[in-house]
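Beneath this line is the structure, given in C-alpha cells, with notes to follow.
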Amino acid sequence: MSQNSQTDPQPTSTRHEHVAGQVIGRHRHAFHQLIYVSTGVLAVRTGEASWVASSAHAMWIPADTWHQHRVYGHSRVHTIGFAPENPPLPSASPAVVSVEPLLRELLVARSDPGLTAPESERLEAVMRDRLRRSRSQPLTLPTPQDPRLVRACGLAAEDLTQIRTVSWLARQSGVGERTLARLFRTEFGMTYPQWRTTNRVFHAMIQLAEGATVTETGQRCGWATTSAFIDTFTRTIGQTPGSYRAAAGGVPRRSPSLPDA
Numbered sequence: 352m353s354q355n356s357q358t359d360p361q362p363t364s365t366r367h368e369h370v371a372g373q374v375i376g377r378h379r380h381a382f383h384q385l386i387y388v389s390t391g392v393l394a395v396r397t398g399e400a401s402w403v404a405s406s407a408h409a410m411w412i413p414a415d416t417w418h419q420h421r422v423y424g425h426s427r428v429h430t431i432g433f434a435p436e437n438p439p440l441p442s443a444s445p446a447v448v449s450v451e452p453l454l455r456e457l458l459v460a461r462s463d464p465g466l467t468a469p470e471s472e473r474l475e476a477v478m479r480d481r482l483r484r485s486r487s488q489p490l491t492l493p494t495p496q497d498p499r500l501v502r503a504c505g506l507a508a509e510d511l512t513q514i515r516t517v518s519w520l521a522r523q524s525g526v527g528e529r530t531l532a533r534l535f536r537t538e539f540g541m542t543y544p545q546w547r548t549t550n551r552v553f554h555a556m557i558q559l560a561e562g563a564t565v566t567e568t569g570q571r572c573g574w575a576t577t578s579a580f581i582d583t584f585t586r587t588i589g590q591t592p593g594s595y596r597a598a599a600g601g602v603p604r605r606s607p608s609l610p611d612a
C-alpha cells in the first residue's frame, strides 16, 4: 500500500496472511476498524503512539485515523469494519482491547469473506455485546514530539540491556536533567522509569512473537532476572510471557538485534 493513502470508503471485513517484516504504509479508513491477529503480532503506529495487537488483544482504529502497521512473525490478520455512525466502542482514540475466547471466535468468524449478510449481522450483534465488556489494555508507547525527547528516547532504546539513567540521557541529549524529566511528564504523562518499563515490555512482546525464549527476551530487554521479567510482563499485559509467546505462534528469530518498533 502506498504512503498516505485513503482506502475504500465503505466498511469492509477481511482476513489475510502477512510475512514477518512486512510493512503496511501510512493510510486511513473512512470507517472504524477493529484489527485482530489470531497468529503472530502486529505493531500499529499513529503519529501519537504505538501499540501491539496480538491473539490476546485487538486494535481499535477510529475512522479517519492515519496509521501504519509492521508485522512480526508470520501473522494471520482479521479486520472488521464499522460504519462511522455506529461504532461498537465509545473511544474516539486508538485503543487496544482484551480478547477473551468467545470474542476471539467471533472476530475470526466475522472476517470470513464467505458470510451471507444475515450471518454477518447475527455474529456482529453478539460481537458488539462482548466488545462492550472488554477492558482496554494499558500498554501504549507514546511517540515523542520534542526533538530533545526524540533523541533521548532513541538513545534509551538503542540497547535495552543498558540501564540508561535520566542523568546520562540528559548529558547525551544536551539538555538539563530537570528539563528532560519534565518533558517525559508533560508529553507522555509518565516518569522516565515508567516510560522505560513500557518501552521494554513493548519490545518484549515483539521478541516473544518472533520466537525468542522467555529467558532470552528478559535478558535482551534489560531485566536482571527472568523472574523479574515475568512479574513485570504479567502485571502489565495480563498474561505470562510464556503464554503470550505460545499464543502469538512465535517462530525462531533470524537476527539477535532488536527490532525497530
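Per this note's numbering, the sequence shown starts with residue 352, numbered consecutively.
C-beta: ideal position from N, C-alpha, C; glycine also.
Fair warning: this is a prediction, and the values are worked out from it, not measured in the lab.
- Judged by DSSP secondary structure, ALA599 falls within the alpha helix (DSSP H) whose first and last residues are 592–599.
- Here MET556 really is in contact with VAL392; their C-beta atoms are around 6 Å apart, less than 8 Å.
- Within the same chain, GLY573 come within 8 Å of ILE514 by CB-CB distance, once the 5 residues on both sides are set aside.
- Of the residues PHE535, PRO362, PRO441, LEU500, the one whose Cα lies closest to the Cα of GLN523 is LEU500.
- Looking at the backbone, the Cα of GLY505 and that of THR467 are separated by about 48 Å.
- Under the three-state reduction of DSSP output, PHE539 falls in the helix class.
- No Cβ-Cβ contact shorter than 7 Å links SER401 with ALA598.
- THR397 is positioned such that its CB atom lies closer than 7 Å to that of HIS418.
- In the structure shown, the three-state DSSP call for GLY372 is coil.
- Counting only runs of 4 or more residues that sit fully inside the segment 459–493, the alpha helix (DSSP H) segments are 468–483, in chain order.
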